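Using this note's numbering, read the sequence shown as starting at 399 and increasing by one per residue. All residues carry an ideal CB built from backbone N, CA and C; glycine is no exception. Computed from a prediction, not measured in an experiment: that's the story for all the values here. Structure, as structure tokens:
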Amino acid sequence: MAPENKWFPNGPALVASYPNALQVHRCEFPPASEMALPAAFFDGQKAWAVFVFAGLADGERRARIESWKDGGLITISRESWRVAPQEKGRAPPKPPPAMHCGNAV
399 MAPENKWFPN GPALVASYPN ALQVHRCEFP PASEMALPAA FFDGQKAWAV FVFAGLADGE
459 RRARIESWKD GGLITISRES WRVAPQEKGR APPKPPPAMH CGNAV
């Protein structure tokens, strides 16, 4: 079973089990776009990692990004995707538009 098919139906139970340790935001955006996670996601949080699940046709559909607290980018192309944290000590590039996400699981 693909990882996203495990997460999407079981996510609410996991969040209910760890309400103070896990935040979930569901975001949708079209292929061939680049979006930044809104900084508000991390206000007052110690984000150890960000998990991303994507419902794409082929290939890996999940990613874990360590040390995301400094921000990063998620790039979705028509055939693949890439996630990358902001490099420490480097000036951040001009950010793409922030994703519009809800926190409902």
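Cβ-Cβ distances below 6 angstroms link ASN408 to nothing in the same chain once the five nearest sequence neighbours on each side are left out. ALA482 has its alpha-carbon roughly 26 angstroms from the corresponding atom of TYR416. If you draw a straight line from the Cα of ASP441 to the Cα of LEU412, it comes to about 22 angstroms. Between TRP405 and PHE451, the CB-CB gap stays under 7 angstroms. The bridge partners DSSP lists for VAL481 are ILE472. Inter-residue distance for VAL422 and PRO410 is about 9 angstroms (C-alpha atoms, whole angstroms).
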